[in-house]
Every structure is written in structure tokens, then in C-alpha cells.
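K.L.:
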Amino acid sequence: MVTVQPYLNFKGTTEAAFTFYKSVFGGEFIAMQRFKDTPEGARLPAHEQDKIMHAALAIGKNTVLMATDALESAGHQVQEGTNFHLSLQVESEQEADALFAALAEGGKVNMPLQSTFWGDYFGMLQDRFGIQWMISYTYPVAVGQTASDQQAGTVV
1 MVTVQPYLNF KGTTEAAFTF YKSVFGGEFI AMQRFKDTPE GARLPAHEQD KIMHAALAIG
61 KNTVLMATDA LESAGHQVQE GTNFHLSLQV ESEQEADALF AALAEGGKVN MPLQSTFWGD
121 YFGMLQDRFG IQWMISYTYP VAVGQTASDQ QAGTVV
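Its first residue numbered 1, the sequence shown is counted upward by one per residue in UniProt numbering.
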């Protein structure tokens, strides 16, 4: 079963926005990861390193509101009103591949599907109608193993 989650893009205000959304909706933060804490973080300009790479807030039983600070140094320009993606969480790499290929037809691939440092099979695209999509399959993690261990091939 595919789940669809909203993914918001901010001009450096993700943390403040998500603190506000938590006060409105309740829920718990699932993630609040800064760019400086990623493998590529040291390459970013100093003023962007504390910005949020990925935030996730559980709202209710089935919704996760997610977001990022879209970095200008990476060529991202946030336009209010269109600053979101639809994020699909799928159950297999094959399902990710099929949906990605179908949605990308006539569109533009922004990030090909690939294994990532955070442990997902992930890609981003814009469909032929201009809608931004993120497709993600989360690899199963063995008991006692972290996503980082799994990505590195470490057996615990």
C-alpha cells in the first residue's frame, strides 16, 4: 500500500514552522536533522550548515508532515504557494521503480532513485504537469542494526 505525505520546502524557517505546527497539531517529532550532521554537511557554506535537512512530525495515526530548508547554494528557489512535494512511501524497490518511471514520463528527474545514506531507496521528480514527487522505500533494518550500519554493509 502506498502512503502519501506532504513535504514542505521553507526558506530557512523549517524549525520555527515545525515548532509552531507541533503546538497546533500535537504529535511528536520523528526527525529534525540538520545539514551539518549529514555526510555532505561540511561542504556547505557555514550559514547553511545549521539549517534543517529533514524534519518529520507525526500528526494523528497516519499522517507525517515533512519538510526541509531548501538551500539556495544547491540551486533551490522557494516560491510560497508552490513550496511542497507529495511524498510516496512504498513497500518495495520494484514499486518505487514502477511509480517513478510512470510519473517521470514526460517530466523531469531531479534525483534518480538510489540508495541513500539515511537508509532509503529514494528519488525525486517533477511530473509533466509540474507536480513535485518524492518516492521512498525504507529498507528493513535488522534488530541491533542502524540504518547507517545497513547502508555501510555492517552486520551487527
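Beta carbons: idealized from backbone N, C-alpha and C, even for Gly.
Taking only the alpha-carbon atoms, compute the straight-line gap between Gly130 and Gly107 and give it to the nearest angstrom.
P.N.:
Rounded to whole angstroms, Gly130 to Gly107 spans 8 Å at the Cα level.
K.L.:
Please determine, among Gln114, Phe18, Met111 and Leu113, the residue with the shortest C-alpha to C-alpha distance to Ile59.
P.N.:
Phe18
K.L.:
For a quick check, are the C-beta atoms of Met124 and Trp118 less than 8 Å apart?
P.N.:
no
K.L.:
Could you tell me the boundaries of the alpha helix (DSSP H) in which Phe100 lies?
P.N.:
Run containing Phe100: Glu93 to Ala104, per the alpha helix (DSSP H) assignment.
K.L.:
What is the DSSP secondary structure of Ala70, reduced to helix, strand or coil?
P.N.:
Residue state for Ala70 is assigned as coil, using DSSP reduced to three classes.
K.L.:
Give me whichever residues DSSP pairs with His85 in a beta bridge.
P.N.:
Answer is Tyr7, bridged to His85.
K.L.:
Short check: CB of Leu71 to CB of Glu40, under 8 Å?
P.N.:
no
K.L.:
With 16 as the cutoff for other CB atoms within 10 Å, does Asn62 come out buried or exposed?
P.N.:
exposed
K.L.:
By the three-class DSSP mapping on this structure, what secondary structure does Gly153 have?
P.N.:
Below a pLDDT of 50, predicted positions are generally treated as unreliable, and Gly153, at 48, falls in that range; the measurement from the model is reported next regardless. Here Gly153 sits in coil by DSSP.
K.L.:
Please classify Ala101 as buried or exposed, where buried requires at least 16 other C-beta atoms within 10 Å of its C-beta.
P.N.:
exposed
K.L.:
What residue range is occupied by the uninterrupted alpha helix (DSSP H) comprising Lys22?
P.N.:
Thr14 to Phe25
K.L.:
Using the beta-carbon count (16 or more within 10 Å), is Thr68 buried or exposed?
P.N.:
Label assigned to Thr68: buried.
K.L.:
Taking the C-alpha atoms as reference points, what is the distance between Glu105 and Ser87?
P.N.:
18 Å
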